[in-house]
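All remarks here apply to the structure that follows.
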Amino acid sequence: MYEWDFSILWGYRWLFLQGLGVTVAFTAATIAGGLTIGMTAAICLLSRFRILRGIALGFIEIFRCTPVLVQLIWCYYALPMIAGIEMTPITASLLALSCYGGSFYAEIIRGGIVSIDVGQSEAASALGMPPGLAMRRIILPQALRRMLPALMNQSILQFKNTSLVSVLAVPDLVYQGQIAAHDSFRPLETYTAVAVAYFAILFPLTLYVRSRERRLGAAR
Amino acid sequence: MTAKASMIEIARLRKRFGQLEVLKDINLQVEQGGVVALLGPSGSGKSTLLRCMNLLVHPDDGTIRVGETTFRFGRSMEQLKAKSLAAFRSRTGMVFQSFNLFPHMSVLGNVIEAPIHVKGLDRKIAIDQAMAQLEKVGLADRAAQMPDTLSGGQKQRVAIARALAMEPEVMLFDEVTSALDPELVGEVLQAIQKLAADGMTMVIVTHEIPFARDVADRVVFMRDGYVVEEGPAREVIDTPRMDATRTFLSHFHRVGDRTSTATP
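In the order they appear, the protein sequences are chains X and F.
By the numbering used here, the letter at position 67 of the first sequence is numbered 67, and the numbering carries on one by one without gaps.
Remember, the numbering used here sits 1000 above the position in the second sequence when you count from 1.
Right under this line is the structure:
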């Protein structure tokens, strides 16, 4: 019979906290990067130029349809060999995760934009607004409000996906958990603690997204 | 040509959507300060024609002149630049059947949006002008409200004020009372009537025949992409010459009966 002993975790508290900090920072950075990439890709998808649409579609499908783990490894090990681009594990992780998240954000943003009634852009053009201005002032503010729940959902996934950066020895929460597990010979306790930390952060967020979705539904 | 200069001049205009030819050789002039009502059954091309006048729809062939700006369409057509299109549209006001107010902005926000961001007007001046426009349509006290708290008639009057805030040379109205409850139609028509009295050049697509008869000085009757009949409003509505016009009008209004009201 296995004897659970969570008291050993206290000795690793700073390690965990450091890891958590890295995880949160990585999430924030890749959400920002992902949104930038996603917005760019979404605008390209809606472009009237076929080349831009093709490039955006290719990019999105490559990153949407392959495992993040492979993308991480590929960015770090294969890019230097093929393209001669050397990156630190952190840069490679940021790049891969931003592209992965961005490919999903792009579809959400594109969907949000096309869901806005065409009368809105007609009214904007009729008032003399050039397309870019109409997008920024009229379409996007409405679309963003509508897609917020979906964007937050994707960001929650993004938070969990950062756990994969441990394969490149980026010291996030999971990586530090591994170290603590090897050190203490108590993998079950340490991984449980890691899971609890993820849950403690994400559960309130999912509740918030759900209430937000309800309010949005009621507003319609 | 009459002595008054024409504000809108449309010549040999054609437009097709796929196989369907919706405008077939349209020629039309609207003089400065003139009010033209476009009548006709649905699918006759009147809304498309109206949308061509501010290039929300690009014609395939022909020319359109509004004020001093001329656009030529056809094979030799140069690519229209988004900037010059936008500048042109800022001088033609348009009001839509479905209002198309910006739901994320207050009534005032809707009206000052284009003057500030398109014309580059100072915010304070834009607000003053917007309040004056809202005053004209009787909604100055609603400036701070959001559009979804307004009735249909109020929304449409805000849309009129929003278009007027750009100080357009012409106003285009696209079936602006068709989405309204019957009891709200009057307030919108009144606002348009006031504009006509102020001397605004207007083109009005409408199914309100008595209104067209009252407010328009000319009526253009369209069917199947052609102008079937055209002339002084009272003459065309009271004594139509063409069968098509007569048939259409008989749905609304007994020809020659001036006291009847439209009950479509």
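Backbone N, C-alpha and C fix where the C-beta goes; we use that ideal spot for every residue, glycine too.
- Shown in chain order are the members of the segment 107-126 of chain X whose Cβ falls below 7 angstroms from a Cβ of chain F: Gly119, Gln120, Glu122, Ala123, Ser125, Ala126.
- Around the beta carbon of glutamate 122 (chain X), 16 or more other beta carbons lie within 10 angstroms, which makes this residue buried.
- When secondary structure is reduced to three states using DSSP, serine 1006 (chain F) falls in the strand class.
- Contact with chain X is absent for alanine 1161 (chain F), since none of that chain's Cβ atoms lies less than 7 angstroms from the residue's Cβ.
- Here DSSP, grouped into helix, strand and coil, assigns glutamine 120 (chain X) to helix.
- Taking CB atoms only, glutamine 18 (chain X) has no neighbour in chain F less than 7 angstroms away.
- Assignment of aspartate 1214 (chain F) by DSSP, reduced to helix, strand and coil, places it in the helix class.
- As computed with DSSP, proline 131 (chain X) is found in no beta bridge at all.
- Taking the CA atoms as reference points, valine 1219 (chain F) sits about 26 angstroms from leucine 127 (chain X).
- Taking the C-beta atoms as reference points, isoleucine 1112 (chain F) is found no nearer than 7 angstroms to valine 1137 (chain F).
- Annotation: the continuous beta strand (DSSP E) that includes lysine 1024 (chain F) extends over 1020-1031.
- Beta-bridge annotation (DSSP): tyrosine 1226 (chain F) is paired with F:Arg1223.
- Excluding sequence positions up to five before and after aspartate 1061 (chain F), its CB lies within less than 6 angstroms of the CB of Arg1014, Phe1073, Gly1074, all in the same chain and listed in chain order.
- A straight line joining the alpha-carbon of glycine 38 (chain X) with that of leucine 1101 (chain F) spans about 28 angstroms.
- Exposed is the label assigned to glutamine 1019 (chain F), since fewer than 16 other Cβ atoms lie within 10 Å of its Cβ.
- Those residues of the segment 144-165 of chain X placed with their C-beta closer than 9 angstroms to a C-beta in chain F are Arg145, ordered along the chain.
- Between isoleucine 113 (chain X) and proline 1059 (chain F), the alpha-carbon positions lie close to 27 angstroms from each other.
- When rounded, the separation of the alpha-carbon atoms in isoleucine 1209 (chain F) and leucine 1038 (chain F) is 10 angstroms.
- Of X:Leu148, X:Leu164, X:Val165, X:Val174, the smallest CA-CA separation from serine 211 (chain X) is found for X:Leu148.
- Across the segment 196-216 of chain X, no CB contact with chain F closer than 7 angstroms is found for any residue.
- Just so you know, the alpha carbons of arginine 1162 (chain F) and asparagine 1110 (chain F) end up roughly 6 angstroms apart.
- Under the three-state reduction of DSSP output, aspartate 1243 (chain F) falls in the helix class.
- From the beta-carbon of isoleucine 138 (chain X), the residues of chain F found nearer than 7 angstroms are Phe1102.
- Counting every other CB atom within 10 Å of its CB across the protein chains shown gives alanine 1126 (chain F) a total of 16 or more, marking it as buried.
- Between the C-alpha atoms of glycine 1153 (chain F) and threonine 1048 (chain F) there is a straight-line separation of about 24 angstroms.
- Sorting F:Met1105, F:Ser1044, F:Pro1182, F:Asn1054 by C-alpha distance to the C-alpha of valine 1203 (chain F) places F:Asn1054 at the top.
- Within chain F, the residues placing a beta-carbon under 7 angstroms from that of leucine 133 (chain X) are His1117, ordered along the chain.
- Following the DSSP letters along the chain, one finds phenylalanine 1173 (chain F) inside the beta strand (DSSP E) bounded by residues 1170-1174.
- Cysteine 65 (chain X) counts as exposed, since fewer than 16 other C-beta atoms from the protein chains shown sit within 10 angstroms of its C-beta.
- Going by C-alpha positions, histidine 1117 (chain F) is about 15 angstroms away from glutamine 1129 (chain F).
- Taking the Cα of isoleucine 90 (chain X) as reference, the smallest distance to any Cα among X:Val167, X:Leu57, X:Ile55 is reached at X:Val167.
- Around phenylalanine 1173 (chain F), the same chain offers Val1095, Ile1204 as residues with beta carbons nearer than 6 angstroms, after the five sequence neighbours per side are excluded.
- With respect to the 7 angstroms criterion, serine 1106 (chain F) and methionine 1146 (chain F) are classified as neighbours on the basis of their beta carbons.
- Beyond the five residues adjoining it in sequence on each side, alanine 1144 (chain F) comes within less than 8 angstroms, by CB distance, of Ser1106, Val1107, Leu1108 in the same chain, given in chain order.
- Residue pairing by DSSP places arginine 1014 (chain F) opposite F:Asp1061 in a beta bridge.
- Annotation for leucine 35 (chain X): Tyr105 place their beta carbon closer than 7 angstroms to its own, counting only its chain and skipping 5 residues before and after.
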